[in-house]
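Following: one structure in structure tokens, then a few remarks.
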Amino acid sequence: MRKQHKLALAIAALCCNAAAAQQVTGKIVDEQGRPVANAQVSLAGSNTDFKTAADGSFSLQLNRFGVIELHAEAEQFVHKNWRLDVPAEGLNGLVLTLPATALEIIDIKASPFHASVVESAMPVTVLSGEKLKMNQAATLGDTLKNEVGVHSNFYGSVASSPIIRGLDGPRVLITQNGLDAGDASRVGPDHSVSAEASTAEQIEVLRGPATLLYGSGAIGGVVNVVDQRIPTTDETKASYLLQRESVNNEKLVSAAGQTAVGAVAFYADAFWRDHDSYKIPGSAEANPEAGEEQTGRVENTQGEAEGYTLGSSYLLDNGYVGLSFGRLERQYGIPGHHHHHGEEEGEEAEHEDAAGSVFADMTQNRVQLLSELHFDHSWISGLNSRIGYTDYQHAEIEGDEVGTTFTNQSEEARFELLHREWLNWKGGLSLHYKHSDFEAVGEEAFTPPSDSQSLALGWIEERHFGAVLLQLGARVEQVKISASDALLPPLSAHSHDGDDHEYGGNAIRVFDAEHKFEPSSLSAGLVWDFTEGYNLGVSVSRSERAPSAAELLSFGPHIGTQSYEVGALFIRNPDAEGEAAFVLNPNPIEMETATNLDLTLRKISGDFGFVLNAFYNQVDNYYYQTNTGLFAESGHSHEHEGEEHHHEEEEHSDELPLYLFQPADALLHGFEAQLIWKLAPQWTWTNQADYIRARLKEGGDLPRTPPLRFSTELAYQGQWFSSDLRLTHYGKQDKLEVLETATAGYTVLDANLNYYFDWAGQDMAFYVKGSNLTDREARVHSSFLKDLAPLPGRSIGVGIRGEF
Numbered sequence: 001m002r003k004q005h006k007l008a009l010a011i012a013a014l015c016c017n018a019a020a021a022q023q024v025t026g027k028i029v030d031e032q033g034r035p036v037a038n039a040q041v042s043l044a045g046s047n048t049d050f051k052t053a054a055d056g057s058f059s060l061q062l063n064r065f066g067v068i069e070l071h072a073e074a075e076q077f078v079h080k081n082w083r084l085d086v087p088a089e090g091l092n093g094l095v096l097t098l099p100a101t102a103l104e105i106i107d108i109k110a111s112p113f114h115a116s117v118v119e120s121a122m123p124v125t126v127l128s129g130e131k132l133k134m135n136q137a138a139t140l141g142d143t144l145k146n147e148v149g150v151h152s153n154f155y156g157s158v159a160s161s162p163i164i165r166g167l168d169g170p171r172v173l174i175t176q177n178g179l180d181a182g183d184a185s186r187v188g189p190d191h192s193v194s195a196e197a198s199t200a201e202q203i204e205v206l207r208g209p210a211t212l213l214y215g216s217g218a219i220g221g222v223v224n225v226v227d228q229r230i231p232t233t234d235e236t237k238a239s240y241l242l243q244r245e246s247v248n249n250e251k252l253v254s255a256a257g258q259t260a261v262g263a264v265a266f267y268a269d270a271f272w273r274d275h276d277s278y279k280i281p282g283s284a285e286a287n288p289e290a291g292e293e294q295t296g297r298v299e300n301t302q303g304e305a306e307g308y309t310l311g312s313s314y315l316l317d318n319g320y321v322g323l324s325f326g327r328l329e330r331q332y333g334i335p336g337h338h339h340h341h342g343e344e345e346g347e348e349a350e351h352e353d354a355a356g357s358v359f360a361d362m363t364q365n366r367v368q369l370l371s372e373l374h375f376d377h378s379w380i381s382g383l384n385s386r387i388g389y390t391d392y393q394h395a396e397i398e399g400d401e402v403g404t405t406f407t408n409q410s411e412e413a414r415f416e417l418l419h420r421e422w423l424n425w426k427g428g429l430s431l432h433y434k435h436s437d438f439e440a441v442g443e444e445a446f447t448p449p450s451d452s453q454s455l456a457l458g459w460i461e462e463r464h465f466g467a468v469l470l471q472l473g474a475r476v477e478q479v480k481i482s483a484s485d486a487l488l489p490p491l492s493a494h495s496h497d498g499d500d501h502e503y504g505g506n507a508i509r510v511f512d513a514e515h516k517f518e519p520s521s522l523s524a525g526l527v528w529d530f531t532e533g534y535n536l537g538v539s540v541s542r543s544e545r546a547p548s549a550a551e552l553l554s555f556g557p558h559i560g561t562q563s564y565e566v567g568a569l570f571i572r573n574p575d576a577e578g579e580a581a582f583v584l585n586p587n588p589i590e591m592e593t594a595t596n597l598d599l600t601l602r603k604i605s606g607d608f609g610f611v612l613n614a615f616y617n618q619v620d621n622y623y624y625q626t627n628t629g630l631f632a633e634s635g636h637s638h639e640h641e642g643e644e645h646h647h648e649e650e651e652h653s654d655e656l657p658l659y660l661f662q663p664a665d666a667l668l669h670g671f672e673a674q675l676i677w678k679l680a681p682q683w684t685w686t687n688q689a690d691y692i693r694a695r696l697k698e699g700g701d702l703p704r705t706p707p708l709r710f711s712t713e714l715a716y717q718g719q720w721f722s723s724d725l726r727l728t729h730y731g732k733q734d735k736l737e738v739l740e741t742a743t744a745g746y747t748v749l750d751a752n753l754n755y756y757f758d759w760a761g762q763d764m765a766f767y768v769k770g771s772n773l774t775d776r777e778a779r780v781h782s783s784f785l786k787d788l789a790p791l792p793g794r795s796i797g798v799g800i801r802g803e804f
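Per the numbering used here, the sequence shown starts with residue 1, numbered consecutively.
Right, here's the structure in full:
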């Protein structure tokens, strides 16, 4: 009995000591010593976060003592981390200073570490809050097109995707909450990205190789769309938006909300968008034929979309586990992909012939399971889990007939096991699995059905050495791409060299393919706070990428790119005329290897701030579509019985230039600059510029490279009113690939106005936004449709949004 009594006293003493050690108190102040209210303070490696009181004070209860890391953030202030050594008796009376900043600093959700955009060695852009609401468009590419280092491949405003530093397609990964979007947008520019911007919380752009976290498909960068479909708090809140645009009569309604019952949180969102074909100031075609009637619109760019998401999570003391289901339906016209039926009189001339236009009907069902758990374990500090399943279908329909159907069923799982600090290093391991079953069936199925699988093991670590944060990482991956009983279409290719050489049918019609790759990536970066208010970021990486199934296996007409594509699995037949144009490639398929250097200089604090980036990217075995000089039939007849044509059909009107995927060494380098000057507490002047030079090492330029761009923006932010005026200039692009034509430069003027008010307990805003206010005709060099679809003309949008 006496031993038990002594044990109880010992436990009580330990508990008392632990209770004393749990107390950490202090206040957050600015550089003038004034309190910073509502600053968000969090404890690294835990689920603990809170806000400071009106006097800037905070109180934190710990269940352990020793070295801890506090992170604090507040609007218009620099985010900061403090490493504190908490003794057994606790810490009291701390005074922690947050410097003011002219930059917009936002935390990155894509990173397993707690980091903001100015704490990353890799350049990162985050679009969120009111700026996201004012810039959101029907497509992801058009939503992000004004962000530094990001352009759009503009596909008639119906399917535009982002271009990062001159790279897109299979080199830029689109993710939703860290998981692959699972659509077909990386296969062709006429396939819409399934991630929706109107219900997003923020959109993150990682410029440069992000293969350590996301795999070889992110060799050029990542766009991560973040929403709250799986709630992480027990807050009750809701938001909504209603908008109308003049240039295409767009109507948009979106809403999202969450609540909780006990430890179970619930979330729901929904949106609906409808728009007509958009207006333009001049001719849709760059070089219209004499006498051709112009409608003042880009025909067949109408669309409609709707979707909803339901999610729920179980909130734990050390994290959460949640599940969500999302449904998306989108129908849109495909410009440049329709067939005219001659001139008609009267009312019919004002509308497209429904039998000749082509539109896409897309549906996607998506299930996600997300979990973040923190542990007070001697070795393990956290486990992050992301699991997703996507069922995607995209049908291209002409009239009432389905021409081609694309389907993609994908599963993905990523687990991150984080360890406690060891010798001041923090980091962990990641295990990442992805499987995609892709199929295209129909007359314009340019790639056979294929199965892609990858399994990867990654390692990331970081450590502070005084004012220097060092970040290291490595990843090894296994990728398998296979196709069974692939049936190739018949091909009759010929040249236009004066002799019209003809080639016979395929040497092979049915084949099996299985290719295995083992890409690996290494990365090292540092962020050096070399003096107060400034830091320098340096990132060096070597990344490998396995070619995508489309780059390997394509063999057919790709109307979205207006070309006949042949994959790297085939080579040009060197035999004489009359033989097959292409045969299977007997050589091993090489992986792309990118060596990338990024330098970033930032001025963070004060009324004037800047972010300057310079990058150099050498890509060996860059899979590049080379012009073969051959032409092939598109396989789609544009003739219709009883049709009378106003003009004689040209001799080669149903032909497509034939391009072959081949590896070639490429160089991409350039700069990005942002300068922000807070002229007064309510006035901000922002200037930014970016430039990309993309060329082949042996000579020649890469196609559709965005030109030099710079913009200037003056913004006012008051209590009840805000406005901004932005002028953006795109330079002339005359660095061209074979068969490309130069694109003239242009200048676009945009403006936004917001009026804020309270009504029935809601924070509301009425807004007006204007784009291309000078109604300038502008053609996007990076677009496959630049000669068929210029940018929309002048547009005035009005809307109202609210939160409660």
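Each residue gets a CB set at the ideal place from its N, CA and C atoms; glycine is no exception.
(request) Closer than 6 Å by C-beta to Phe415: which residues in its own chain qualify, once you throw out the five before and the five after it? Chain order, please. (result) Correct list, in chain order: Ser385, Leu431.
(message) Using only the alpha-carbon positions, how far apart do His338 and Tyr534 sit?
(response) Bear in mind that the predicted position of His338 carries a pLDDT of just 49, short of 50, making it too unreliable to give a figure here.
(request) May I ask you to verify whether the region 113-131 touches the region 167-182, counting CB pairs closer than 8 Å and requiring at least 3? (result) Judged by Cβ distances under 8 Å, the region 113-131 makes no contact with the region 167-182, as fewer than three pairs qualify.
(request) Just the C-alpha distance for Gly388 and Ala666, rounded to the nearest angstrom, thanks. (result) Here the C-alpha atom of Gly388 lies approximately 34 Å from the C-alpha atom of Ala666.
(request) Starting from Ala549, trace the alpha helix (DSSP H) both ways and give me its first and last residue. (result) Counting along the chain, the alpha helix (DSSP H) containing Ala549 begins and ends at 549-553.
(message) Tell me which residue opens and which closes the beta strand (DSSP E) that Gly141 is part of.
(response) From DSSP, Gly141 is part of no beta strand (DSSP E) but of the alpha helix (DSSP H) over 140-144.
(request) Mind checking who Tyr756 pairs with in its DSSP beta bridge? (result) Partner(s): Ala765.
(message) Could you tell me the alpha carbon to alpha carbon distance between Arg572 and Val193, rounded to whole angstroms?
(response) Rounded to the nearest whole angstrom, the CA to CA distance from Arg572 to Val193 is 33 Å.
(request) Assign Pro586 to one of two classes, buried (16 or more other C-beta atoms within 10 Å of its C-beta) or exposed (fewer than that). (result) Classification of Pro586: exposed, given that the 10 Å Cβ count is below 16.
(message) Rounding to the nearest angstrom, what Cα-Cα distance links Ala115 and Leu630 in this structure?
(response) Computed Cα separation, rounded: 51 Å.
(message) Taking 7 Å as the threshold (C-beta atoms), are Ser782 and Arg695 in contact?
(response) With contacts defined by Cβ atoms closer than 7 Å, Arg695 and Ser782 do not form a contacting pair.
(request) In angstroms with no decimal places, state the Cα-to-Cα distance between Ser378 and His419. (result) Rounded to whole angstroms, Ser378 to His419 spans 9 Å at the Cα level.
(request) With DSSP as the reference, label Ser152 as helix, strand or coil. (result) Three-state result, Ser152: strand.
(request) Could you tell me whether the Cβ atoms of Val358 and Glu396 are closer together than 7 Å? (result) Yes, these two residues count as a Cβ contact at 7 Å.
(request) Would you kindly work out how many angstroms separate the C-alpha atoms of Ala515 and Pro449, rounded to a whole number? (result) Correcting the residue identity first, residue 515 is His in this sequence and not Ala. The alpha-carbon atoms of His515 and Pro449 are separated by roughly 14 Å.
(message) Quick check on the DSSP output: what are the complete beta strand (DSSP E) runs of length 3 or more inside the region 176-238, in order along the chain?
(response) Runs found: 202-207, 221-226.
(request) Take Thr405 as the anchor and find which of His394, Ala413, Glu411 has the nearest alpha-carbon. (result) Closest option to Thr405, Cα to Cα, is His394.
(request) Verify whether the separation of the beta carbon atoms of Ala100 and Phe77 is less than 7 Å. (result) Their beta carbons are under 7 Å apart, which means Ala100 touches Phe77 by this criterion.
(message) Does the structure place the region 609-618 close enough to the region 553-567 that three or more beta carbon pairs sit under 8 Å?
(response) As far as the Cβ criterion goes, the region 553-567 does not touch the region 609-618, which means the pair count is below three.
(request) Over the uninterrupted alpha helix (DSSP H) stretch that includes Asn135, give me the two end residues. (result) Asn135 -> alpha helix (DSSP H) spans 129-135.
(request) Report yes if the C-beta distance between Val148 and Ile164 is below 7 Å; otherwise report no. (result) Taking 7 Å as the Cβ cut-off, Val148 and Ile164 do not qualify as a contacting pair.
(request) Check the DSSP bridge columns for Ala694 and list the partner residues they point to. (result) Beta-bridge pairing links Ala694 to Leu668.
(message) Does Glu532 pass the burial test, meaning 16 or more other C-beta atoms within 10 Å, or should it be called exposed?
(response) Glu532 counts as exposed, since fewer than 16 other C-beta atoms from the protein chains shown sit within 10 angstroms of its C-beta.
(message) Quick check: the Cα distance between Thr447 and Val510, rounded to an integer number of angstroms?
(response) Between the alpha carbons of Thr447 and Val510 lies a distance of about 13 Å.
(message) I need the DSSP call for Ile559, collapsed to helix, strand or coil.
(response) Ile559 sits in a helix when the DSSP states are folded into three classes.
(request) Mind reading off the beta-carbon distance from Ser216 to Ala546? Whole number of angstroms is fine, and I expect it under 8 Å. (result) With a contact defined as Cβ atoms closer than 8 Å, Ser216 and Ala546 qualify at about 6 Å.
(message) If the criterion is Cβ atoms closer than 7 Å, does the pair Gly670 and Ile692 meet it?
(response) Cβ atoms of Gly670 and Ile692: closer than 7 Å.
(message) Taking only three categories from DSSP, how would you classify Leu7?
(response) With a pLDDT of 34 at Leu7, under the threshold of 50, the predicted position of this residue should be treated as unreliable, though the coordinate-derived value follows. It is helical.
(message) Does the structure place the region 51-60 close enough to the region 22-30 that three or more beta carbon pairs sit under 8 Å?
(response) The region 22-30 vs the region 51-60: in contact.
(message) Please state the DSSP three-state secondary structure of Arg165.
(response) It is coil, neither helix nor strand.
(request) Reducing DSSP to helix, strand and coil, say where Pro170 ends up. (result) Looking at Pro170 - three-state DSSP - the assignment turns out to be helix.
(request) Give the secondary structure of Gly33 by DSSP, where H, G and I count as helix, E and B as strand, and everything else as coil. (result) Collapsing the DSSP output to three states places Gly33 in coil.
(request) Inspect the CB distances between the region 229-237 and the region 306-324 and report whether three or more fall short of 8 Å. (result) Contact holds: three or more Cβ-Cβ distances are below 8 Å.
(message) As a quick exercise: from Asn38, Ala54, His71, Ala39, pick the residue whose alpha carbon is nearest that of Ser46.
(response) The option with the nearest alpha carbon to Ser46 is His71.
(message) With distance defined between alpha-carbon atoms, name the residue in Glu196, Leu94, Glu119 nearest to Thr139.
(response) That would be Glu196, whose Cα lies nearest to the Cα of Thr139.
(request) Take Leu472 and list the residues in its own chain whose beta-carbon comes closer than 6 Å to its own, dropping the five residues that flank it on each side. (result) Spatial neighbours of Leu472 in its own chain (CB-CB distance under 6 Å, excluding positions within 5 residues in sequence) are listed in chain order as Glu461, Ala524.
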